[in-house]
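Read through the structure below, which is laid out as structure tokens, and then see the notes.
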Amino acid sequence: MTELRPLDAGFMDMEDADRHISMGIGAVAIIEGSPPTRDGFRAGLDRGLGLHGRLRQRVRRVPWDLVAPIWEDDPNFDLAHHIRWTALPEPGDERALRELVAGELAEPFDRDHPLWDVVVVEGLRDGRWAMIVRAHHSMVDGISGITLFESFCDPVDAVPHAALEKHSRGGTLAALTRAVGLPFAVPGFVVGALRTLAPVVYSAVAPAPDSSLNGPIGRQRRYVVARTSLTDVREIATDFGMTVNDVAVAAIAAAYRRLLLARGEQPAPGKLRILVPVSMRAADARYVPDNRVSAMIVRLPIEFEQPLERLTAAHERIARHRSRGEAETEKSLLALADRLPFALVAGVFRTASRVPQRGVGALATNIPGPRHWLTLGGRKVLEIWPAIPIAMRVRTTVAILSYADQLNFGITGDYDTTPDIDELASGISTEIAVLLAHARGRAL
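So the mapping is simple: our numbering equals the position in the sequence shown, first residue as 1, plus 10.
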């Protein structure tokens with residue numbers, strides 16, 4: 011049995027604090043041809059179960075959180091409990107699929123069983139089908155969530171079972187090792203950490219200018235996708251001396267600027283602070299199902315009208331936050347939390363999740379996906395859409411996922427307050443087209 015880390019348990023506390031949210035992370039695969047038989051499909055899932063023992067485990071908490079919750083084997087595990095088959099109504103278009111994904115994102119998990127599920131979607135137009143894979147955020151982050159999806163696909167360079175078992179057995183030992191490796195001069199370390207994180211804490215707690223992007227959220231969701239070419243984005247990044255992430259963030263800034271203007275709101279400097287998760291996952295831990303993330307809070311450059319100014323500002327602001335070492339310091343503080351009594355840490359997370367935050371208006375996370383094409387039952391996986399939850403008064407979130415030569419943006423929104431969510435998808439696609447034209451010397 012393995013204990014949940016404070017951050018993992020914190021995602022469950024978020025759900026407990028707000029009955030309107032579900033903390034499931036999803037991947038939506040569009041696959042060519044017709045679906046496999048039910049027996050054939052289960053064979054792929056059995057392969058994933060063999061690679062990830064966590065898929066058979068549920069969370070058990072003790073009263074008053076005196077000790078950390080633990081992952082324990084579900085004595086009544088039944089794979090059928092985690093699979094659902096459905097079909098889209100005619101004409102089986104993408105709009106219907108996105109509405110189905112939005113509905114799945116709103117559904118809470120049954121905590122009496124392992125916190126994941128799969129939906130097989132038949133009837134997608136043009137002779138295709140889809141698969142929606144979801145897992146609770148206490149179980150995976152973006153990278154390990156995509157790795158979970160990969161484990162259900164046909165093997166390419168399969169990770170040896172022994173390597174996965176090693177990571178599973180060594181989870182607790184690794185946590186202890188990290189804790190012992192922390193500075194023993196805890197007071198001095200905390201002072202330095204707080205000094206580094208002071209701007210982050212201020213951004214999180216200081217109210218931002220009033221914006222329709224932050225506020226109470228309802229129970230239903232909307233979901234849209236912006237498709238772009240990873241090759242085109244790399245061309246833009248190379249031409250202007252940026253990173254793919256810089257270009258993606260600049261495109262998101264343009265989309266939010268367009269959305270705010272359409273709502274009659276001025277995209278003033280500092281109006282939109284965005285939470286940017288940063289992966290702390292080492293390469294050899296890619297296949298471990300847990301959370302290894304930190305975060306930065308960045309002022310999205312929505313005030314700039316010109317695309318190249320937005321791109322430069324996005325690059326400079328992200329670089330400034332990285333140079334401060336904020337993400338690394340947060341990682342160390344989370345490791346320090348592993349050494350404290352769980353009841354104390356749980357109380358802090360629970361309190362924070364119940365305090366209405368007004369400083370952050372959006373979230374954007376960049377997930378590196380498979381570089382090669384995947385197949386499932388011999389059928390090619392044509393696209394993968396990322397899907398992440400909304401919570402903590404943040405009414406829209408954007409997940410960026412690279413897959414083969416694609417860079418797709420999955421956008422989740424609150425149903426009642428984001429009826430214009432398509433503006434974000436079209437804004438992202440338009441901005442990348444404009445930046446590509448600039449890169450090729452024929453600005454639009």
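No residue lacks a Cβ here, since even glycine has one placed at the ideal position from N, Cα and C.
Who are the Cβ neighbours of residue i in its own chain at under 6 Å, not counting the five residues just before and after it?
i      : result
Ile262 : Ala374, Val408
Arg389 : Ile41, Glu42, Gly43
Ile442 : Thr238, Ala261
Could you tell me the distance, in whole angstroms, from the CA atom of residue i to the CA atom of residue j?
i      : j      : result
Leu321 : His92  : 43 Å
Arg268 : Leu89  : 45 Å
Leu270 : Trp95  : 39 Å
His331 : Met306 : 7 Å
Ala265 : Glu433 : 7 Å
Val308 : Val286 : 7 Å
Asn255 : Ile431 : 22 Å
Gln416 : Ala247 : 15 Å
Trp74  : Pro85  : 24 Å
Pro279 : Ile312 : 7 Å
Thr241 : Leu107 : 26 Å
Gly20  : Arg52  : 32 Å
Val69  : Arg364 : 22 Å
Asp49  : Arg57  : 13 Å
Arg144 : Asp23  : 19 Å
Thr47  : Gly54  : 11 Å
Ile328 : Pro45  : 42 Å
Pro219 : Ala272 : 17 Å
His147 : Leu14  : 12 Å
Asn418 : Val38  : 11 Å
Ala112 : Thr440 : 24 Å
Leu386 : Gly60  : 17 Å
According to DSSP, is residue i part of a helix, a strand, or is it coil?
i      : result
His396 : A small fix is needed here, since residue 396 is Pro in this sequence, not His. Looking at Pro396 - three-state DSSP - the assignment turns out to be strand.
Ser148 : coil
Pro378 : strand
Gly423 : strand
Glu82  : strand
Asp18  : helix
Gly54  : helix
Leu271 : helix
Gly113 : helix
Glu13  : strand
Arg332 : helix
Trp74  : helix
Ser221 : coil
Met24  : helix
Ile262 : helix
Val358 : helix
Asp430 : coil
Val254 : helix
Thr407 : strand
Ordered along the chain, which non-local residues of its own chain (more than five positions away) have a Cβ less than 7 Å from that of residue i?
i      : result
Leu115 : Ser32, Gly34, Gly36, Arg231, Tyr233, Ala397, Pro399, Thr422
Asp26  : none
Ile377 : Gly152, Ile153, Ile156, Pro396, Ala409, Ile410, Leu411
Ser221 : Glu275, Lys281, Leu282, Gly371
Val201 : Annotation note: pLDDT 44 at Val201 (below 50); position unreliable, no value reported.
Arg244 : Val254
His30  : Ile227, Gly228, Arg229
His508 : In the structure displayed, the chain extends from 11 to 454; residue 508 sits before or after that span and is not available.
On a Cα-Cα basis, can you pick out the residue from the options that is closest to residue i?
i      : options                       : result
Arg446 : Asp220, Thr238, Val111        : Note that residue 446 is Leu in the sequence shown, not Arg. With distances taken between Cα atoms, Leu446 lies closest to Thr238.
Arg381 : Leu269, Leu392, Phe352        : Leu392
Val370 : Asn376, Gly357, Ala401        : Ala401
Asp122 : Glu82, Val111, Ser221         : Glu82
Ile284 : Pro226, Phe87, Gln367, Leu65  : Gln367
Arg135 : Leu98, Leu65, Thr440          : Leu98
Phe314 : His146, Gln276, Leu65, Leu434 : Gln276
Ser161 : Asn255, Leu65, Asp220, Leu125 : Leu65
Gly102 : Ala112, Gly137, Pro124        : Gly137
Ala362 : Ile328, Arg403, Trp383        : Arg403
Ala449 : Phe250, Arg360, Gly58         : Phe250
Phe159 : Trp139, His62, Met252, Asp424 : His62
What are the partner residues of residue i, as DSSP defines its beta bridges?
i      : result
Gln416 : Ser239, Tyr413
Asp164 : Note: Asp164 sits in no beta bridge, so no partner.
Glu132 : Ala97
Gln67  : Asp83
Val286 : Met306
Flag residue i as yes if its beta-carbon sits less than 9 Å from any beta-carbon of chain C, otherwise no.
i     : result
Ala27 : The structure shown has no chain C; it contains just one protein chain.
Among the residues of its own chain, which have a CB less than 8 Å from the CB of residue i, if the five just before and after it don't count?
i      : result
Leu110 : Thr96, Leu98, Val129, Val131, Ile142
Phe87  : Arg66, His123, Pro124
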